[in-house]
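I have placed the structure first, in the form of structure tokens, so that the comments after it can refer back to it.
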Amino acid sequence: MKNSRIAGLGHYVPSRVVTNQELETMMETTDAWITERTGIKERHWANVPEESTSYMGAQAAKAALIQAGIPEGEVDCVIFATLSSDYFFPGAACTLQPHMNFSGNIPAYDIRMQCSGFVYGLQMADAFIKSGMYSRILLIGAEVQSTSLNKSTAGRDTAVIFGDGAGAAVIIPTDDPDNGILAHAVHAEGKYAKELWCEGPSPLDNPRVKPVLDDVNRYYPYMNGRYVFKHAVTRFPEVLKETLDKIGKTPADLDWFIPHQANLRITEAVGQGLGLSPEKVISNIHKYGNTTAASIPIAWSEAISDGRIKRGDLIGLAAFGAGFTWGSAVIRF
Ligand code: ACO
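1 is the number of the first residue of the sequence shown in this note's numbering; add one for each residue after it.
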């Protein structure tokens, strides 16, 4: 059976930078509060409608394909992870296609696993490669969240955290059993769905879309921050160890740990809990905020571009997010 190799990575972030100081002009918050609680100094906001989720995903995908040396026309499957597709339906894997030069009508899968979307997508891609179904898979994580945040003081606990951006990976088969995606694990615990969610528009409403919104708060994300924090610091290390166990490795064997960029305090607590030196833990949340499904591929792609991550490195990924969902993958890059 083939292994799945990461042939290339790419990322794209909008040019508009929004600093904590700019947020201070929109809501009652301070740079000091945001920095101390989250580690975030600035984030990027998309220039919509041009910089849509699928447009940004396409830019990241093109960069990943160039790094992989694979023409767009060879891609035979798209997996798109996002909670913020351009439209309620169809999903971003389809609206991506006009931005790309694919040949033929290749299959398009959307996955809605929020912050864990990229890790879930890696597992799906690995299964597709191992089954022989596809051999040139484009996995994208991309988000435009800035347009759906409550930017008043009432929404400050979420508005300061989330940012926009896109990352992508090209996944192909390899005969080398020691290379590529070596192990993964994913989980979900839906009983906590309402601790981090966006309720509207819900098909359970009758009618689903009302002429006048009766409660605008149902259309903004809600997060029980402390509850999320508590679960995240447990699940990140637990699932990474579960994945490493499958291949007889420990955290000490990792060259790099790339956690989903949820919050600097979560990243630091998890890194310390795993006994990893801070230099091995990739963090860029100060620049981008939490970009949900895009955060791992952006961090990974950036660390390749600046020369930190090299071919042959052993990399651990872990993510936790809305659902609750969580997962991990270990890759010999
Ligand atoms: N600026 C200033 N004050 C704020 C802000 C803000 N942006 N947001 C909340 N506050 C206030 C609150 O209103 C509260 O005021 P009060 O004491 O008068 O009631 C006070 O700050 C403390 O609020 P808490 O929610 O208790 O603050 P906490 O220390 O828990 O920090 C945070 C909040 C940062 C959300 C924290 O709970 C956290 O990091 N949670 C993890 C969630 C997370 O990282 N989510 C990311 C998305 S999910 C994922 O990716 C895994």
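No residue lacks a Cβ here, since even glycine has one placed at the ideal position from N, Cα and C.
A direct Cα-Cα distance of roughly 32 angstroms separates L314 from F102. Runs of the alpha helix (DSSP H) lying entirely within the stretch 197-223 and spanning at least 4 residues: none are present. Bounds of the beta strand (DSSP E) holding F320 are 314-321.
Residue burial annotation: E143 is buried, with at least 16 other C-beta atoms found within 10 angstroms of its C-beta. Look at N206: its beta carbon is at least 7 angstroms from all of the heavy atoms in the ligand ACO. Sequence-distant Cβ neighbours of S152 in its own chain, meaning closer than 7 angstroms and more than five residues away, are M27. Less than 8 angstroms separates the beta-carbon of I266 from that of A232. Taken atom to atom, the span from the alpha-carbon of A262 to that of G225 is near 11 angstroms. Here the alpha carbons of D157 and G312 stand approximately 40 angstroms from one another. By alpha-carbon distance to Y87, the top candidate from G327, G69, V78, D110 is D110. For F162, there is no enclosing alpha helix (DSSP H), as DSSP marks it with neither H nor E. In the three-state reduction of the DSSP assignment, R156 falls in the helix class, which pools H, G and I. Membership of G121 in any beta strand (DSSP E) is not indicated; the residue belongs instead to the alpha helix (DSSP H) covering 117-131.
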